[in-house]
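Residue numbers (my numbering), protein chains in the order written: chain A, 32 to 333; chain B, 2 to 288. No residue lacks a Cβ here, since even glycine has one placed at the ideal position from N, Cα and C. This structure is a prediction, so every number in the text was calculated from the model and none was measured.
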């Protein structure tokens with residue numbers, strides 16, 4: 032009996048422990064919060080979209096209510112002058128002003144009243160559209176806009192030359208590879224990274240290595256890392272950074288090596304980090320795709 | 002059940018489940034890390050824990066001795082892991098496979114699985130498989146990491162990478178659940194290791210501790226010290242009536258009366274509890 036009881040209590044305890052230890056619940060929890068986050072994101076975008084549609088409908092209703100006079104005005108518009116990017120209310124007013132003589136006093140009054148309403152609607156539309164574009168910009172990114180660890184960057188290469196965030200602003204895209212000397216898969220991709228660096232030079236990019244063993248200017252670790260880099264024929268820049276800096280803290284939080292990330296001209300991290308060596312074809316392809324999109328986005332902004 | 006006053010050995014054996022639970026908790030003390038999808042990387046990680054417990058478990062307190070041993074052997078800087086070998090000898094000489102029975106989290110995991118009701122099978126006829134763990138120790142833990150290296154002498158931790166089910170259970174699964182980036186990096190190797198884990202789980206329900214008996218290189222190391230370890234089991238010849246109860250209850254297929262210090266004995270104490278004459282007890286340094 033006694034043993035049975037003991038066994039039962041132990042079993043219950045174990046099941047309880049297993050449940051907590053499995054981590055399934057918590058991960059599902061994080062997943063859910065992530066999902067709901069993105070969902071709320073889309074919901075708010077959706078609601079602003081419906082609001083936009085409502086406003087456009089209101090304008091169309093105004094045109095329909097005073098169909099005769101508005102059609103008269105639309106008939107006077109020249110398609111070549113159409114400037115959709117400017118203020119729509121101004122555009123309507125300009126056309127009306129130019130043809131003021133063609134309207135009777137009543138017609139003119141209807142037009143100017145309606146235009147006042149339209150001007151207000153247009154202001155709301157402009158506000159909403161700004162909100163959506165801003166949301167669109169932040170949605171796919173990790174909210175790195177404000178707190179990218181590479182905004183204020185400092186480090187030194189293995190020859191002792193200091194570098195700062197201008198390292199990133201010099202190129203459309205910077206590939207930052209985190210590794211450590213004792214990591215076999217990290218060493219295995221060093222030669223590929225060197226090839227990538229040569230390819231990127233022509234495209235306006237650079238590969239930077241950050242070895243977590245060389246933090247805080249550790250001379251011995253830097254020598255060892257330099258020897259490994261040389262043995263693999265890797266010549267791109269490797270940097271020693273301060274472990275207490277933002278970038279150092281970011282690197283210390285990395286759970287799997289090698290990890291490769293992309294940083295744009297402004298020091299923002301772009302896209303998702305790539306875990307595992309780029310000597311794996313899938314990883315290489317996805318990295319190249321991301322590099323291309325960062326370069327495209329950069330040239331579009333110029 | 003009985004009114005006999007239990008000996009210290011009997012009490013220890015009776016408390017085994019609790020000791021295992023406590024050891025598992027102490028070996029994995031950083032529970033909140035499960036929710037963060039991160040592993041503890043502080044100074045205690047430079048120390049080995051006695052049992053088989055993955056370094057990459059988010060909650061892990063210290064390093065797995067088998068993992069540490071391979072990491073050092075596989076590193077280009079060192080040829081041999083003196084520190085971890087010393088650790089093996091120290092623990093082997095003091096406790097031996099008592100660690101398997103009382104302190105190892107993966108041993109406890111298999112004990113619990115075996116409590117799931119259902120048909121149980123004896124492993125008495127599968128004794129030759131016991132030698133497999135020594136092969137795994139020599140080939141996957143020592144030789145392959147030492148010999149299969151890249152141009153600058155770095156090897157893979159072959160046992161951790163290709164065999165160890167504890168790594169999937171404690172490392173890969175919780176980490177990938179808590180960390181989206183790691184989840185996206187899972188590949189064929191993860192599938193293979195999950196297959197091994199599921200096999201071990203199913204076998205553990207049907208057999209008692211199949212991993213410890215046949216696979217575990219850490220158990221293989223400790224087993225070598227069972228004959229000389231300070232903690233061992235003594236059968237009092239004067240009390241023994243030769244009823245054979247001890248060997249009948251032994252789930253590790255040990256003939257307790259004849260070989261109380263058999264390499265396979267994990268010191269679980271089932272024989273101590275079963276002996277009608279209290280002739281069997283734990284002994285530390287001859288007492």
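Next on the checklist: Suppose you measure from the CA of residue 223 of chain B to the CA of residue 267 of chain B; what does that come to, to the nearest Å?
Outcome noted: The residue given as residue 223 of chain B occupies position 222 in the second chain. The residue given as residue 267 of chain B occupies position 266 in the second chain. C-alpha separation (whole angstroms): 10 Å.
Checklist entry - Do residue 275 of chain B and residue 255 of chain B come within 8 Å of each other at the CB atom, strictly closer than that value? => result Mapped onto the second chain, residue 255 of chain B falls at position 254. Mapped onto the second chain, residue 275 of chain B falls at position 274. Against a cut-off of 8 Å, the Cβ pair of residue 275 of chain B and residue 255 of chain B comes out as no contact.
Item to check | Of the residues B:210, B:30, B:234, the one placed nearest residue 127 of chain B, counting alpha carbons only | outcome: Indexing the second chain from 1 puts residue 127 of chain B at position 126. Of B:210, B:30, B:234, the residue nearest in Cα terms is B:210.
Checklist entry - Is residue 208 of chain A helix, strand or coil when you go by DSSP? => result Translated into the one-based positions of the first chain, residue 208 of chain A becomes position 177. DSSP, read as helix, strand or coil, puts residue 208 of chain A in strand.
Checklist entry - Secondary structure at residue 71 of chain A, three-state DSSP: helix, strand or coil? => result By 1-based counting over the first chain, the position of residue 71 of chain A is 40. Confidence at residue 71 of chain A is low in this model, with a pLDDT of 40, below 50, so its placement is unreliable and the value that follows should be read with caution. Reduced to three states, the DSSP call for residue 71 of chain A is helix.
Next on the checklist: For chain B, check one thing: does any of its Cβ atoms lie closer than 8 Å to the Cβ of residue 289 of chain A?
Outcome noted: The residue labelled residue 289 of chain A in the question sits at position 258 within the first chain. No, residue 289 of chain A does not count as interfacial toward chain B.
Item to check | For residue 122 of chain A, the nearest candidate out of A:147, A:266, A:212 (CA to CA) | outcome: Working through the first chain from its first residue, we reach residue 122 of chain A at position 91. For the residues A:147, A:266, A:212, the minimum Cα distance to residue 122 of chain A belongs to A:147.
Checklist entry - Can you name the residues that DSSP bridges to residue 105 of chain B? => result Numbered from its first residue, the second chain carries residue 105 of chain B at position 104. None; residue 105 of chain B has no bridge partner.
Checklist entry - Cβ of residue 213 of chain A less than 8 Å from any chain B Cβ? => result The residue labelled residue 213 of chain A in the question sits at position 182 within the first chain. Yes, residue 213 of chain A lies at the interface with chain B (some Cβ there is under 8 Å from its Cβ).
Checklist entry - Shortest alpha-carbon distance to residue 200 of chain A belongs to which of A:294, A:144, A:260? => result Here residue 200 of chain A refers to the residue found at position 169 of the first chain. Selected option, being the one with the closest Cα: A:294.
Item to check | Partners in chain A for residue 74 of chain B, counting only beta-carbon separations shorter than 7 Å | outcome: Start at 1 with the first residue of the second chain, and residue 74 of chain B comes out as number 73. Taking the beta carbon of residue 74 of chain B as reference, no residue of chain A falls within 7 Å; the closest one sits roughly 12 Å away.
Item to check | Listed by chain order, chain A residues near residue 152 of chain B by CB distance under 7 Å | outcome: Counting from 1 along the second chain, the entry for residue 152 of chain B is found at position 151. Among the residues of chain A, those whose CB is under 7 Å from the CB of residue 152 of chain B are 262, following chain order.
Checklist entry - Is residue 267 of chain A near residue 318 of chain A, with beta carbons less than 8 Å apart? => result For the purposes of this step, residue 267 of chain A is taken as the residue at position 236 of the first chain. For the purposes of this step, residue 318 of chain A is taken as the residue at position 287 of the first chain. Between residue 267 of chain A and residue 318 of chain A, the C-beta gap is not smaller than 8 Å, which leaves the two residues out of contact.
Item to check | residue 158 of chain A to residue 81 of chain A span [Cα, whole Å] | outcome: Walking along the first chain from the start, residue 158 of chain A turns up at place 127. Walking along the first chain from the start, residue 81 of chain A turns up at place 50. Whole-angstrom Cα-Cα distance: 14 Å.
Item to check | Residue range of the unbroken beta strand (DSSP E) whose run includes residue 118 of chain B | outcome: Within the second chain, the letter at position 117 stands for residue 118 of chain B. Residue 118 of chain B -> no beta strand (DSSP E), and no H or E assigned at all.
Checklist entry - Nearest-angstrom Cα distance between residue 91 of chain A and residue 329 of chain A? => result Here residue 91 of chain A refers to the residue found at position 60 when the first chain is read from its first residue. Here residue 329 of chain A refers to the residue found at position 298 when the first chain is read from its first residue. C-alpha of residue 91 of chain A to C-alpha of residue 329 of chain A: approximately 38 Å in a straight line.
Checklist entry - Since residue 176 of chain B meets chain A, which of its residues come closer than 8 Å, beta carbon to beta carbon? => result On the second chain, residue 176 of chain B is found 175 positions in, with the first residue counted as 1. Under the 8 Å cutoff, chain A gives 286.
Checklist entry - Does the beta carbon of residue 54 of chain B come closer than 8 Å to any beta carbon on chain A? => result In the second chain, residue 54 of chain B corresponds to position 53, counting from 1. Not one chain A Cβ lies under 8 Å of residue 54 of chain B.
Checklist entry - Who are the near neighbours of residue 70 of chain A in its chain, counting only those whose CB is closer than 6 Å to its CB and skipping five residues on each side? => result As a position in the first chain, residue 70 of chain A is number 39, starting the count at 1. Note on residue 70 of chain A: pLDDT 39, under 50, position unreliable in the model; the coordinate value appears next. Setting aside the 5 residues that flank it on each side, residue 70 of chain A has no residue in the same chain whose C-beta is closer than 6 Å to its C-beta.
Checklist entry - Over what stretch of residues does the beta strand (DSSP E) that includes residue 242 of chain A continue unbroken? => result Taking the first chain and counting its residues from 1, the one referred to as residue 242 of chain A is at position 211. Per DSSP, residue 242 of chain A belongs to the beta strand (DSSP E) from 236 to 242.
Item to check | Through-space distance from residue 264 of chain B to residue 98 of chain B, alpha-carbon basis | outcome: To locate residue 98 of chain B, count along the second chain from 1; it is residue 97. To locate residue 264 of chain B, count along the second chain from 1; it is residue 263. Note on geometry: alpha-carbon atoms of residue 98 of chain B and residue 264 of chain B lie some 8 Å from one another.
Next on the checklist: Would the stretch 85 to 100 of chain A count as touching the stretch 137 to 157 of chain A if we require 3 or more Cβ pairs under 8 Å?
Outcome noted: Between the stretch 85 to 100 of chain A and the stretch 137 to 157 of chain A there are three or more inter-stretch CB-CB distances shorter than 8 Å, so the stretches are counted as touching.
Next on the checklist: Under 8 Å, CB to CB, which of the residues in the stretch 36 to 62 of chain B have a partner in chain A?
Outcome noted: Those residues of the stretch 36 to 62 of chain B that come within reach of chain A (Cβ to Cβ, closer than 8 Å) are 36, 38, 39, 40, 42, 59, 60.
Next on the checklist: Please identify, using Cβ separations under 9 Å, the residues of the stretch 300 to 317 of chain A that lie next to chain B, in order along the chain.
Outcome noted: Within the stretch 300 to 317 of chain A, 303, 304, 305, 306, 307, 311, 313, 314 place their CB atoms closer than 9 Å to a CB of chain B, listed in sequence order.
Checklist entry - Residues of chain B with a CB under 8 Å from the CB of residue 218 of chain A: which are they? => result As a position in the first chain, residue 218 of chain A is number 187, starting the count at 1. Close partners of residue 218 of chain A in chain B (Cβ separation under 8 Å): 151, 153, 155.
Item to check | Rounded Cβ spacing between residue 284 of chain B and residue 227 of chain B (contact assumed at less than 8 Å) | outcome: One-based indexing of the second chain puts residue 284 of chain B at position 283. One-based indexing of the second chain puts residue 227 of chain B at position 226. Their Cβ separation, rounded to whole angstroms, is 13 Å, which puts residue 284 of chain B and residue 227 of chain B out of contact at 8 Å.
Next on the checklist: I want to see whether chain A comes within less than 8 Å of residue 125 of chain B, judged by CB atoms only; does it?
Outcome noted: Looking up residue 125 of chain B in the second chain gives position 124. No - not a single Cβ of chain A is within 8 Å of the one on residue 125 of chain B.
Next on the checklist: Tell me whether residue 31 of chain B, by its Cβ, gets closer than 7 Å to a heavy atom of the ligand SAM.
Outcome noted: You won't find the ligand SAM in this model; it holds no ligand whatsoever.
Checklist entry - Assuming residue 298 of chain A and residue 209 of chain A make a contact with CB atoms under 8 Å, what is their CB distance in whole Å? => result Taking the first residue of the first chain as 1, we reach residue 298 of chain A at position 267. Taking the first residue of the first chain as 1, we reach residue 209 of chain A at position 178. About 16 Å separates the CB atoms of residue 298 of chain A and residue 209 of chain A; that is not less than 8 Å, and the two are not in contact.
Next on the checklist: Only counting the same chain, and skipping five residues up and downstream in sequence, which positions put a Cβ closer than 6 Å to that of residue 194 of chain B?
Outcome noted: On the second chain, residue 194 of chain B is found 193 positions in, with the first residue counted as 1. Once the five neighbours on either side are set aside, the close Cβ partners of residue 194 of chain B are 169.
Checklist entry - In its own chain, which residues sit with a C-beta less than 7 Å from the C-beta of residue 99 of chain A, not counting the 5 before and 5 after it? => result Taking the first residue of the first chain as position 1, residue 99 of chain A is located at position 68. Correct list: empty, nothing qualifies.
Next on the checklist: Just to confirm the assignment, what range does the alpha helix (DSSP H) spanning residue 126 of chain B have?
Outcome noted: The residue you call residue 126 of chain B lines up with position 125 of the second chain. Neither: residue 126 of chain B is in no alpha helix (DSSP H) and is coded neither H nor E.
Item to check | Contact list for residue 64 of chain B against chain A, beta-carbon separation under 7 Å | outcome: The residue labelled residue 64 of chain B in the question sits at position 63 within the second chain. Here the premise fails: no neighbours, minimum Cβ distance about 14 Å.
Item to check | Proximity test, Cβ basis, 8 Å: residue 259 of chain A and chain B | outcome: Indexing the first chain from 1 puts residue 259 of chain A at position 228. True, the Cβ-Cβ gap to chain B drops below 8 Å.
Checklist entry - How would you label residue 253 of chain B, buried or exposed, when you count the other beta carbons within 10 angstroms and need 16 or more for buried? => result Here the question's residue 253 of chain B lines up with position 252 in the second chain. The residue in question, residue 253 of chain B, is buried, as its Cβ has 16 or more Cβ neighbours within 10 Å.
Next on the checklist: By DSSP's criteria, residue 186 of chain A is part of a beta bridge. Which residues make up the other side?
Outcome noted: Position 155 of the first chain, counted from the start, is the residue given in the question as residue 186 of chain A. A:194, A:272, per the DSSP bridge assignment.
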